[in-house]
Amino acid sequence: MSSSYVEDPAPGHGALPPRAAFASDAWALSLNGSWRFLLSASIAAAPDGIDSDDFDDHGWDTIPVPSHWQLQGHGRPAYTNARYPFPVHPPEVPSDNPTGDYRLTFDLPADRPDAPTVLRFDGIDSCARIWLNGHELGVTKGSRLPSEFDVGALLRPRDNVLAVRVHQWSAGSYLEDQDMWWLSGIFRSVTLLTRPAGGVADYTVHAGYDHRTGRGTLSVSASGPDVRISVPELGVRGLPAGESAELDGIEPWSAESPRLYAGEVYTATERVPVRIGFRTVTIEDGQLRVNGRRILFRGVNRHEHHPEFGRALPREFAVADIQLMKRHNINAVRTSHYPPDPAFLELCDLYGLWVIDECDLETHGFGTLDWAGNPSDDPQWADACLDRMRRMVERDKNHPSIVLWSLGNEAHTGRNLAAMAEWTHDRDPSRPVHYEGDFECEYVDVFSRMYADHDEVDRIGRRVDDDNPRRRELPFLLCEFAHAMGNGPGGLLEYRELFERHPRCQGGFIWEWLDHGIAQRDEHGREFFAYGGDFGEPLHDGNFVIDGVVHPDRTPSPALVEFAKVFEPVRISAGSGGIRIANHYDTVPLDGLGFSWVLEEEGVARAEGPLDVGPVPPGHSVDVPLPALPPTTAESLLTVRAVLATGTRWAAAGHVVAWGQVPITPAPEPAAPARGARATTSAGLLRLGPGAFDPATGRLTSLGAHPVDGPRLDLWRAPTDNDRGPDRPEEQQWRAAGLHRLQHRVAGVDVREDELVVRTRVAPPALGFGMLAAYHWTADAGRLRLRVEVEPDGTWPCTLPRLGLRMALPGAFGTAEWFGAGAGEAYSDSRQAARIGRFVRTVDALQTPYVYPQENGNRTDVRSLLLTSGGGAGIRVDGEPVFDFTARRWTTEELDAATHTTDLTPGELVHLNLDFAQHGLGSASCGPGVLPPYRLQARKASLTLTFTPLS
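Position one of the sequence shown corresponds to residue 1 (the working numbering), numbered consecutively onward.
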């Protein structure tokens, strides 16, 4: 059996011409389910004759279809970002090419009509040869694209034998290097469906909208005899293909108001239900517009992934993804880096998301070879490249949610990409073409960049430093930005400000939606999520596949909560004499929202009520007077929320879309500081108020009846993925400076009448710089006050991870209550989602379980903190005025050493950090680092805290 097709750059053979994906009233039979399966180590080792009726497959395993064989116990997953996991010598692939053979025997139901029938595969990775009843149907490549084969003459009533040979590697693998797990098999649905004689072979609905007149234009072009379209709601009945109808009073489709009209495309023998959204996409005055309005992409890149099923994603998880996106103010999706399951696009139409539909094409691994041999510019790959674009456009052409076609991702540039763009412009002039790799903008309609820093975005927005006149006049978007790997990204607010400042800068798509962790269990049965290298791959890119705003189990990360706040479509702030409500939706007024307020004094609600805002068109704002408020004496804030007035498909009534806070009463002057207690010595300890100290080191050993250790100066944090970024990473500089192994020298313990002063020098071994820290302790009968003054000593070579104090408390103090910013974690450049209030969490719940453990759980702008046991015993910490804190059941060093969540074992203590500040987050794992205002430099600083024991 020849296998030359595997290394043939051609797109495959035998399949029918591509057409739109649609369901109709024609008969169909799903072939999903349990198939017979055998995995061989190579093509040579695979058995001959699998297509024969009498082939004996009883010794084979079974496998569910759709699925990936690596996730069903056959072979192992492998992850690379850009590097091909095989020698780059196109179109050749390894001889050791895992080959999966599938066989299914099936009967036809008695009600199956005698009509032409096709066999449809919606996705096979990476190359498949297919037989039915001993007859070869053909070969398919293009893993995330459908193939259909004419099988009507081959079917029999009983004992049909479908055989599919799937190869992990093929020439097509050179076009599918897409920063994801290499997973193989029949991973999307397999269906038999009749194509009735005289039915709808294919169709394209054209539904334009004129925003100046409010009129829509409807027509359908189709293959088939006497194809017509009806839309009863619009009075359209039996409009023949090729004719158009002008319609008044149309409600246009947008991501914010996804109005769909139910209709039918039909012939005498087949009826196809359709959902029609009227909208027109244009580029005018250097802006991308839909229905005449500039749109701003508050978008996300979405791979299809599930921790158990990989890219064989059940529909309910696609629904969950979209609902979660909508609840977090995401309005756009780039289908990175391939067309998704068709059901996802139907959901985008229904729920309302702008879509960039991206072709199944990426050749990133050629970048390490300076793009030598890149298929994008090699004529022998021209048919394969164009075939992939054609199959995507034809499949997805009827979705109003798709506003841009994308040629692919990170495939450099070349004649084949230009040909794909030319074909697409000719086939569908109603949508612009996107491709980031065409940096000179020779064949695309928008200027797109990845991970441009804030300064570059600003220059692009101002159209300066660009000698390319065509590029200068195009709309600009960030197809990838704000790399969400681990704790981060920081700097989202500053990007939003640039998008709103410069009309040509039309937003971007955060990288990315979901951590691609694969669910595994350790030797103790504890679940964790695996990443590159965890399956023994000799070549891998580690946890670079863990870079989403949603954890693998689809729990929102702090990054998603921050994104929702930064890009909320309603902005609520203090206004002239009251509250300013600004509508940042692109197309809709605020009619669908209700507004309410609550007045909180030190985080405790004192009054609440509705807020009458009135009509606010998109792009406008209104100032609303403050409601009548009761007087308060302590720090008080008015929190105003915009909520859904009625339920939607994606959230119930009352869901919070946006919120803002307005200061009402400032914090009063702090209470008199704790002073007056005299320092004494007893039982070998220094005693000052409720505190006991080691007389040699000056370290606090107990507070009231509670044993403690510390506090003492701390400069280290467990580096984040962004700290470990590739370009002069902060972590590398911090470790070179020895900040992870600081030594503390006590320079003096000075006992005065009512004060204890401890002077220390904190420094790394082998180096000459350090930090001087002076601890000034005073007390009264029940409180212990600490003023810490720090000052750099010598020349510091780098930033600081953190600047603060560290101490250990009894493990029983497992509940945290604080008045400050919350409820989630926050850092200096990622804190917009943290509102001021009073919050209670267990110490365990303060942690963010990043797949690769790292610094997490910081709470900021804290006025007061209580850490208590179930019986109320514990400590209270008050700031003058504020501090940051983290509390966890393992040390920073243990967190630093961990590589999976199962490496972290709770200890007997609660480890508490009380910080002046931490270094920002940035997004240097793949993008810009921390912006200057958020970089923590070694400098003089002072922090004042009061500790009170609670019994």
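Glycine included, C-beta positions come from ideal geometry on N, C-alpha and C.
Given the structure is predicted, the values throughout are model-derived calculations rather than measurements.
Next item on the list: Drop a sphere of 10 angstroms on the beta-carbon of residue 953, count the other beta-carbons inside from all chains shown, and report buried for 16 or more, exposed for fewer.
Entry: Not covered by the structure: residue 953. The range shown for the chain is 1 to 951.
Next item on the list: For the alpha helix (DSSP H) containing residue 419, list its first residue and its last residue.
Entry: Taking the first residue of the sequence shown as position 1, residue 419 is located at position 419. Per DSSP, residue 419 is one residue of the alpha helix (DSSP H) stretching across 415–427.
Checklist line | Secondary structure of residue 82, DSSP reduced to three states | finding: Position 82 of the sequence shown, counted from the start, is the residue given in the question as residue 82. When secondary structure is reduced to three states using DSSP, residue 82 falls in the coil class, being assigned neither helix nor strand.
Checklist line | Range covered by the alpha helix (DSSP H) that runs through residue 315 | finding: Position 315 of the sequence shown, counting from 1, holds the residue named residue 315. First-last of the alpha helix (DSSP H) with residue 315: 315–327.
Next item on the list: Can you say whether residue 166 is buried or exposed, counting buried as having 16 or more other CB atoms within 10 angstroms of its CB?
Entry: Your numbering for residue 166 matches position 166 in the sequence shown. Burial is judged here by how many other beta carbons sit within 10 angstroms of a residue's own beta carbon; residue 166 has at least 16 and is buried.
Checklist line | Contact under 9 angstroms by Cβ, residue 669 with residue 636 | finding: As a position in the sequence shown, residue 669 is number 669, starting the count at 1. As a position in the sequence shown, residue 636 is number 636, starting the count at 1. Result no, Cβ atoms of residue 669 and residue 636 do not sit closer than 9 angstroms.
Note to self: Classify residue 188: buried if its beta carbon has 16 or more other beta carbons within 10 angstroms, exposed otherwise.
What the structure shows: Along the sequence shown, read from residue 1 onward, the residue named residue 188 stands at position 188. Around the beta carbon of residue 188, 16 or more other beta carbons sit within 10 angstroms, so the residue counts as buried.
Note to self: With a threshold of 6 angstroms on Cβ separation, who are the neighbours of residue 925 within its own chain once the five nearest residues in sequence on each side are excluded?
What the structure shows: By 1-based counting over the sequence shown, the position of residue 925 is 925. Correct list, in chain order: 483, 485, 721, 722 and 725.
Next item on the list: Taking all protein chains shown into account, decide if residue 96 is buried (16 or more other Cβ within 10 angstroms of its Cβ) or exposed.
Entry: Stepping through the sequence shown from its first residue, residue 96 is reached at position 96. By the neighbour-count rule (16 or more Cβ atoms within 10 Å), residue 96 is not buried but exposed.
Check: Cβ atoms of residue 899 and residue 718: under 9 angstroms apart, would you say?
Finding: Your numbering for residue 718 matches position 718 in the sequence shown. Your numbering for residue 899 matches position 899 in the sequence shown. No, the pair does not count as a contact, with Cβ atoms beyond the cut-off.
Margin query: I'd like the list of long-range same chain contacts for residue 371, defined as Cβ closer than 6 angstroms, with 5 residues on each side in sequence excluded.
Written below: Within the sequence shown, numbered from 1, the residue matching residue 371 stands at position 371. Only 412 meet the Cβ criterion.
Notebook entry, point to check: By Cβ distance below 6 angstroms, which residues in the same chain neighbour residue 656 in space, the five residues on each side in sequence not counted?
Noted result: Sequence index remark: in the sequence shown, residue 656 carries index 656 (1-based). Cβ contact annotation for residue 656 (same chain, cutoff 6 angstroms, sequence separation greater than five): 641 and 643, in chain order.
Notebook entry, point to check: Less than 9 angstroms separating the beta-carbons of residue 742 and residue 715?
Noted result: By 1-based counting over the sequence shown, the position of residue 742 is 742. By 1-based counting over the sequence shown, the position of residue 715 is 715. Contact annotation: residue 742 and residue 715 have beta-carbon atoms nearer than 9 angstroms.
Checklist line | Validate contact between the region 225–239 and the region 357–370 using beta carbons, cut 8 angstroms, 3 pairs | finding: In short, these stretches do not touch, since the Cβ pair count stays below three.
Notebook entry, point to check: Hey, would you say the C-beta of residue 890 is under 8 angstroms away from at least one heavy atom of the ligand HEM?
Noted result: Of ligands this structure carries none, so the ligand HEM is not represented either.
Notebook entry, point to check: Between residue 751 and the rest of its own chain, which residues show a CB-CB distance below 7 angstroms, the 5 nearest in sequence each way excluded?
Noted result: By 1-based counting over the sequence shown, the position of residue 751 is 751. Cβ contact annotation for residue 751 (same chain, cutoff 7 angstroms, sequence separation greater than five): 679 and 686, in chain order.
Checklist line | Per DSSP, the bridge partner or partners of residue 516 | finding: Looking up residue 516 in the sequence shown gives position 516. Answer by DSSP bridge pairing: none, since residue 516 is not bridged.
Notebook entry, point to check: residue 648: which of 38, 897 and 323 sits nearest, CA to CA?
Noted result: Position 648 of the sequence shown holds residue 648. Distance check between residue 648 and each of 38, 897 and 323 places 323 closest, using alpha-carbon atoms only.
Item checked: Pick from 594, 760, 731 and 603 that is closest to residue 615, judged by C-alpha positions -> Position 615 of the sequence shown holds residue 615. It is 594 whose Cα lies nearest to the Cα of residue 615.
Check: Taking Cβ positions, are residue 587 and residue 257 nearer each other than 9 angstroms?
Finding: Locating residue 587 in the sequence shown gives position 587, where the first residue counts as 1. Locating residue 257 in the sequence shown gives position 257, where the first residue counts as 1. Cβ distance < 9 angstroms, so residue 587 and residue 257 count as in contact.
Check: Are the Cβ atoms of residue 609 and residue 627 separated by less than 9 angstroms?
Finding: Residue 609 sits at position 609 when you count from the first residue of the sequence shown. Residue 627 sits at position 627 when you count from the first residue of the sequence shown. Yes, the Cβ-Cβ distance between residue 609 and residue 627 is below 9 angstroms.
Checklist line | Limits of the beta strand (DSSP E) - the one that residue 861 falls within | finding: Residue 861 sits at position 861 when you count from the first residue of the sequence shown. Counting along the chain, the beta strand (DSSP E) containing residue 861 begins and ends at 859–868.
Checklist line | Cβ neighbour criterion (16 or more within 10 Å) applied to residue 110 | finding: The count along the sequence shown starts at 1 and reaches residue 110 at position 110. For residue 110, the number of other beta carbons within 10 angstroms of its own is below 16, and it is reported as exposed.
Item checked: Straight-line Cα distance separating residue 651 from residue 17 -> Here residue 17 corresponds to residue number 17 of the sequence shown, with the count starting at 1. Here residue 651 corresponds to residue number 651 of the sequence shown, with the count starting at 1. Residue 17 and residue 651: Cα-Cα distance of roughly 40 angstroms.
Check: Are the Cβ atoms of residue 32 and residue 105 separated by less than 9 angstroms?
Finding: The residue given as residue 32 occupies position 32 in the sequence shown. The residue given as residue 105 occupies position 105 in the sequence shown. In this structure, residue 105 does not lie closer than 9 angstroms to residue 32 by Cβ.
Check: Should residue 865 go down as buried or exposed, given a rule of 16 or more other Cβ atoms within 10 Å for buried?
Finding: Taking the sequence shown and counting its residues from 1, one reaches residue 865 at position 865. The residue in question, residue 865, is buried, as its Cβ has 16 or more Cβ neighbours within 10 Å.
Checklist line | Strand pairing of residue 530, partner residues [DSSP] | finding: Taking the sequence shown and counting its residues from 1, one reaches residue 530 at position 530. Residue 530 is bridged by DSSP to 518.
Notebook entry, point to check: Bridge partners of residue 142, per DSSP?
Noted result: Looking up residue 142 in the sequence shown gives position 142. Residue 142 is not bridged to any residue.
Next item on the list: Check residue 226 in the structure and name its three-state DSSP category.
Entry: Here residue 226 corresponds to residue number 226 of the sequence shown, with the count starting at 1. If DSSP states are grouped into helix, strand and coil, residue 226 belongs with coil.
Item checked: Secondary structure of residue 485, DSSP reduced to three states -> The count along the sequence shown starts at 1 and reaches residue 485 at position 485. Residue 485 carries a coil assignment under DSSP once its states are collapsed to helix, strand and coil.
Item checked: Straight-line gap, residue 173 to residue 349 (C-alpha atoms, nearest Å) -> Here the question's residue 173 lines up with position 173 in the sequence shown. Here the question's residue 349 lines up with position 349 in the sequence shown. Between residue 173 and residue 349, the C-alpha separation is close to 31 angstroms.
Next item on the list: Mind reading off the beta-carbon distance from residue 264 to residue 230? Whole number of angstroms is fine, and I expect it under 8 angstroms.
Entry: By 1-based counting over the sequence shown, the position of residue 264 is 264. By 1-based counting over the sequence shown, the position of residue 230 is 230. Indeed, because the Cβ distance is near 5 angstroms, the residues count as touching under 8 angstroms.
Margin query: Using the three-state DSSP reduction, which class does residue 731 fall into: helix, strand or coil?
Written below: Indexing the sequence shown from 1 puts residue 731 at position 731. In the structure shown, residue 731 adopts helical secondary structure according to DSSP, grouped into three states.
Checklist line | Alpha-carbon spacing of residue 824 relative to residue 352, whole angstroms | finding: Mapped onto the sequence shown, residue 824 falls at position 824. Mapped onto the sequence shown, residue 352 falls at position 352. Taking the straight line from one Cα to the other gives about 28 angstroms.
Check: So what does residue 661 bridge to, in DSSP terms?
Finding: In the sequence shown, the residue the question calls residue 661 occupies position 661. Beta-bridge partners assigned by DSSP to residue 661: 639.
Check: Apart from the five residues on each side of it in sequence, which residues of its chain come closer than 6 angstroms, Cβ to Cβ, to residue 681?
Finding: What you label residue 681 is simply residue 681 of the sequence shown in a count that begins at 1. So no residue of the chain qualifies.
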